[in-house]
Structure formats: C-alpha cells, structure tokens
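Here is the structure we will look at, set down as structure tokens.
Numbering (my numbering), first residue to last: 1144 to 1421.
Below is the structure:
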C-alpha cells in the first residue's frame, strides 16, 4: 500500500518515477498494439497522424484528413485534462496529485473493455469511430501524467525520443577515449539513463506483445486487467485524500446551492421638472 502510494503521490523520487514510467510504458504498448488490431491505427503516434493530415490534404482525401484531426484533438484533450487535474490537485494541496488522471484513464479503459465492440459502430464528426478518439484521449492523458511528474524526462506512449536517447547513450558508451585525455574531457555514458531508456523500450515492446495477443485471443475484455492495475496505482493516494476531497465536494455543493444575491436597485430617474446640472 505504501509503495503504491509513493508511485502516484505528490512527493516524487527518481526510483518512483522510473517504476511508474516502466509500468505505464507496458500499459501504453499493450493498448497501442492491441488497439491497432481493432481500429488499424496506432493511436499514440501523433507524428503519424500529422503526416497523414498533410498527405491527405494534398491528395484531397478529406475523410482521412478529418480523422487525423480528430485523433490529434483527442490526444491534446487528454493531455490538457491531465494538466487541469494536476494543477487543481496542487492548488488544493492534495497528495493524490497524479492519481486523478490515472483514475479517469482506468475508468475509460474499463468502459472500453466492456463496451469497445459497441463504440466501434459509433460515428463521430471526425469520420472515425468513437473508439479511435477514446484510445487517443487515453494516450494523451497518460503521456501528460508521466511528462509532468518527471519534468519531461520520461515518455511512455511513444518511443521515438526514448530510442534516440538510448542510441546516444550507447554511442557514448562505445566511444573510444584516447590515452592522455583528461578524465573530465572523456566521453562517458550515463548508465542510469541507459538502463532507464532500455527498460522503457523493453516494457513498451513487452506490452505490445501481450496486448496484441490479448486482443487477438480474448478481445476487448483483455483491457480490464490493465485497467485494474491503474486502479491499484491511483486508489491508495485518493483514499488518503478522501476526507479532503469530501470537504471540497461539500464546499462546491454549498457554493452552487447558495442563493444569488438580488441585483442592486437602479437609481431613481430624474423627475421631469428637476433642474439639470450646469
């Protein structure tokens, strides 16, 4: 319980950020790869959607261009939702700073696991099924959580930057330092970062394997265990904040139920026979 509390609480440690990043990278890999089997799109890759938007605008395929706009909008909305929730929690001095977005992600994943087949038939103004928008929103929500908690040092939903950083550290590790070079001028790999990036890539890949197999053999309900893991990460700090959250809800309800004060009376009109000021 204490370990889970530290993973999504307001007090951050390097080890806690690393552990949560690895777990969420696995989750993102599973949802991304499994979702591809359903909607034939990798909904965490905004680079691909931006390229698709440009290509289809040039080719005149407005339907695919509109779908790319929808995915981009959903991803940004998810990231924006995380920013609102995290800053609200900080403003009210809650311990569950990063738990609220993960709770919403878990709830949406549960609905997706239980109703995903239904949402595939729900059309949207963006010419893509609601499933695509939900998955993109989830990825934006999650990526913003890890970005904010780690000060943009860890990403979990896309691996381009992670693989780049991993390659840089590998190159530094393989660099041959000539004899006679001062120690402070030698090229040295940051082995801690090397292990972190390798772990993120490995967990994302492992999640992709598990997610693809799960969606192929089990279907949408495979998402339910992943959602339960997120619930396990988010509920402990929320439970710690339960009294504070109850007070905030009561205050909000009292403010909404308070009567609106009457508007001040308008000044009396000047009589017809009153003398105008000079």
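A virtual CB, placed ideally from N, CA and C, is assigned to each residue, including glycine.
Rounded to whole angstroms, residue 1270 and residue 1205 show a C-alpha spacing of 9 Å.
Ranking 1259, 1395, 1168, 1177 by CA distance to the CA of residue 1359 puts 1177 first. Looking at the backbone, the Cα of residue 1276 and that of residue 1331 are separated by about 43 Å. It is roughly 44 Å from the alpha-carbon of residue 1187 to the alpha-carbon of residue 1325.
Restricted to the region 1164-1200, not a single beta strand (DSSP E) segment is unbroken, complete and at least 3 residues in length. Ranked by how close their Cα comes to the Cα of residue 1220, the residues 1380, 1239, 1248 have 1248 in first place. From the listed residues 1217, 1225, 1365, 1197, the smallest Cα separation to residue 1287 is found for 1225.
In this structure, DSSP gives residue 1235 a state outside helix and strand, which the three-state scheme calls coil. For residue 1283, the uninterrupted alpha helix (DSSP H) segment begins and ends at 1273-1292. Remark: C-beta atoms of residue 1376 and residue 1245 approach each other more closely than 9 Å. Between the alpha carbons of residue 1160 and residue 1305 lies a gap of roughly 15 Å. Cβ contact annotation for residue 1366 (same chain, cutoff 6 Å, sequence separation greater than five): 1252, 1255, 1256, in chain order. In this structure residue 1240 is buried. Its beta-carbon is surrounded by 16 or more other beta-carbon atoms within 10 angstroms. If you ignore the 5 residues before and after residue 1342, its C-beta comes within less than 6 Å of the C-beta of 1165, all in its own chain and listed in chain order.
Residue burial is scored here from C-beta neighbours: residue 1320 has fewer than 16 other C-beta atoms within 10 angstroms and is therefore classed as exposed.
Beta-carbon to beta-carbon, residue 1308 and residue 1336 are separated by about 7 Å, close enough to satisfy the 8 Å threshold. For residue 1289 against residue 1167, the beta-carbon gap comes to about 6 Å, under 8 Å, which counts as contact.
Between residue 1281 and the set 1209, 1264, 1299, 1383, the nearest pair of CA atoms involves 1299. Within its own chain, the residues whose Cβ lies closer than 6 Å to the Cβ of residue 1182, once the five positions on either side in sequence are excluded, are 1274, 1275, listed in chain order. Shown here, residue 1372 sits in a helix according to DSSP, grouped into three states. Taking C-beta atoms as the reference points, residue 1189 and residue 1171 fail to come closer than 9 Å. Bounds of any alpha helix (DSSP H) do not take in residue 1297, whose DSSP letter is neither H nor E. Put simply, the backbone Cα of residue 1266 is about 22 Å away from that of residue 1364.
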